[in-house]
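These notes are about the structure you will find just below.
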Amino acid sequence: MKYPKGTPFGLGQLSASRGKRKRNEANETSSMTGLAEILQQLDAANRRIAQQDDEYARQFAQQAEDNARREAAHRDDQDKLSEMVKLLNYLKNSDPRIAAHMADTSSTEPEPGAQSLAPPAAGNTPQLPP
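Under full-length UniProt numbering, the first residue of the sequence shown carries the number 1, and numbering increases by one thereafter.
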């Protein structure tokens with residue numbers, strides 16, 4: 001059967017290009033050279049992958065160290081905060097004036113002299129002199 005556009009996918013030329021399945025010396029040498037090049041490329045790729053794995057392992061170890069350091073600092077801060085809360089509770093229980101002062105002073109009220117970062121209310125915009 002003859003195809004109007006030639007052989008499908010060029011398969012009809014395969015036997016002609018291969019010398020009817022007989023290997024000659026030139027074809028054998030070129031395939032060995034090509035195989036050696038492919039093996040070199042594979043070795044280079046494997047080395048790059050190993051280098052990347054080493055780099056990822058170093059980064060992972062560094063992140064683990066950073067996380068451990070942050071967790072230790074956080075625990076220390078929590079311990080300090082706990083001590084401050086205990087001290088405040090002791091002072092409230094031992095001195096009624098401190099307890100009264102703490103009850104009168106809301107934590108939402110700004111301290112005297114503190115500047116607010118919030119913008120002024122709509123009706124309270126300051127007027128600049130002309």
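The beta carbon of each residue, even a glycine, is placed where N, CA and C say it ideally should be.
- A direct Cα-Cα distance of roughly 10 angstroms separates Gln52 from Asn46.
- Asp95 sits in coil when the DSSP states are folded into three classes, being neither helix nor strand.
- In this structure, Leu87 sits away from Ile98, with a CB-CB distance that is not shorter than 7 angstroms.
- The segment 51 to 105 contains, as complete alpha helix (DSSP H) runs of 4+ residues, the segments 96 to 104 (chain order).
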